[in-house]
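Participant: Counting in the numbering used here, the sequence shown runs from 70 upward without gaps.
I have a structure here, written as structure tokens, and I will follow up with some questions on it.
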Amino acid sequence: MTNFALLQTNIAFNDPEANYAHVRELFAKAMQKTPRPDVVVLPEDWATGFSDVMFHQMEELCEPLNGPSVTVCRELAKQYHVWVVAGSISTRHEDGKMRNTTFLIDRDGEIVGDYSKMHLYSDMDEDAQLVHGSKSDVFDTELGRLGFMICYDIRFCELSRTYALKKADVLVVTSNFPNPRVNHWRTLLMARAIENQMFVVACNRVGPSPMGTYCGHSIMIDPWGDIIAEGGDEEEIVTGSLDYPKTREVRDLIHMFRDRQPELYGDTILAPKQ
């Protein structure tokens, strides 16, 4: 079993220092949970919050790869000897381009993987200065095989299917998903779990920002689409445990991947049948 803790936090808008202090407090509380978490997940843009205004100020706000936000996450991972999915951070990469990126950090505080948001929300100018991520890596860890999405990505089933075809055990989502679309949030995540026969772990924020309010309901879903744990609409730490053999049990009972007909779909997801 792998134990997850989702930090469903209220984010102080454009106040990183306040958010660093608050996340440290939440980590300490999460470590008191039973069973103790193996991995802690933060929401999207956890250090600053989310705003269309900020997307036009990325030159000032964007952090380097070793910037303060990822450094806080690395320190907490090492301090508590726990894996961390570092929500997402606006980051300038080695190619000079800016992306909305989450980092996978191991128990020693080392970055072992990253994922940059592939689908940027153009209706709010997220693509004004940020560039689309292009990697859909699955990371093979002691936590299982992990794939990642960030917020708006969950509306694009092609990405989650790509992870499933790469034999991911868990889809980990970090998000700032707003009110009043909580029904979209829950329905899309359950669909991603059912249609790909894999676990979905999704951490969302709560509270107000200049853009409105956020719906919370951080959630863990098993490969049947059944809910393991779910938060409400207030700040809390959502915990739950994943039993990875269940993925294989479900895939052995309903042979979706064997019965796929990708040559008829007119797309490029043509990976071999499992």
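Heads up, the beta-carbon is just placed ideally off N, CA and C, and yes, glycines get one too.
Small disclaimer: the values here were computed from a predicted structure and weren't measured.
1) What residue range does the beta strand (DSSP E) around Ser-159 cover?
2) Taking the C-alpha atoms as reference points, what is the distance between Lys-102 and Gly-335?
3) Just the Cα atoms here: how many angstroms apart are Gly-301 and Val-242?
4) Any beta-carbon of chain D closer than 9 Å to the one on Asp-328?
5) Per DSSP, what kind of secondary structure is Asp-209 in: helix, strand or coil?
6) The ligand FAD and Arg-143: does any heavy atom of the ligand fall closer than 8 Å to the residue's C-beta?
7) What residue range does the beta strand (DSSP E) around Ala-146 cover?
8) Short of 8 Å in beta carbon distance, which residues of its chain neighbour Met-127, apart from the five on each side in sequence? Order them along the chain.
9) Can you have a look at Phe-163 and say buried or exposed, based on whether 16 or more other CB atoms are within 10 angstroms of its CB?
10) According to DSSP, is Cys-284 part of a helix, a strand, or is it coil?
11) Looking at C-alpha atoms only, which residue of Asp-177, Tyr-221 and Arg-214 is the closest neighbour of Ser-185?
12) Would you grab the beta carbon distance between Met-267 and Thr-308 for me? Rounded to a whole angstrom, and I think it's under 8 Å.
13) Taking a contact to mean a Cβ-Cβ separation below 9 Å, would you say Asn-169 touches Asp-84 in this structure?
14) Name the DSSP beta bridge partners of Ala-298, please?
15) Ends of the alpha helix (DSSP H) at Met-325?
16) Using a Cβ-Cβ cut-off of 6 Å (strictly less than) and excluding sequence neighbours within five positions of Met-100, which residues of its own chain qualify?
17) Would Gly-118 and Ile-180 be called neighbours here (beta carbons separated by less than 9 Å)?
18) If Asn-246 and Asn-273 are in contact, beta carbons under 8 Å, what's the gap, nearest whole angstrom?
19) Less than 8 Å between C-beta atoms, sequence neighbours within five positions excluded: which residues of the same chain meet that for Lys-98?
20) Going by beta-carbon coordinates alone, are Ala-348 and Ser-244 separated by less than 9 Å?
Facilitator: According to the structure shown:
1) 158-161
2) 47 Å
3) If you draw a straight line from the Cα of Gly-301 to the Cα of Val-242, it is about 17 Å long.
4) Annotation note: the requested chain D is absent from the structure, which comprises a single protein chain.
5) strand
6) Of ligands this structure carries none, so the ligand FAD is not represented either.
7) First-last for Ala-146: 137-149, but that is the alpha helix (DSSP H), not the beta strand (DSSP E).
8) Ser-159, Met-167, Ala-197, Gln-198 and Leu-199
9) With the sequence shown as reference, residue 163 is identified as Glu, and Phe is not the correct amino acid for it. It is exposed - the Cβ of Glu-163 has fewer than 16 other Cβ atoms within 10 Å.
10) The answer is strand: DSSP assigns Cys-284 an E or B state.
11) Tyr-221
12) Contact doesn't hold; Cβ gap of about 20 Å is too wide.
13) Inclusion of Asn-169 and Asp-84 in the CB contact set at 9 Å is not warranted, their separation being larger than that value.
14) Met-289
15) Start and end: 325-328.
16) Tyr-149
17) no
18) It is worth fixing the name first, because residue 246 is Phe in this sequence and not Asn. About 5 Å separates the Cβ atoms of Phe-246 and Asn-273, confirming a contact at the 8 Å cut-off.
19) Closer than 8 Å at the Cβ level, and outside the excluded window around Lys-98, lie Ile-306.
20) Nothing can be reported for residue 348: it is not among the residues displayed for the chain, which extend from 70 to 343.
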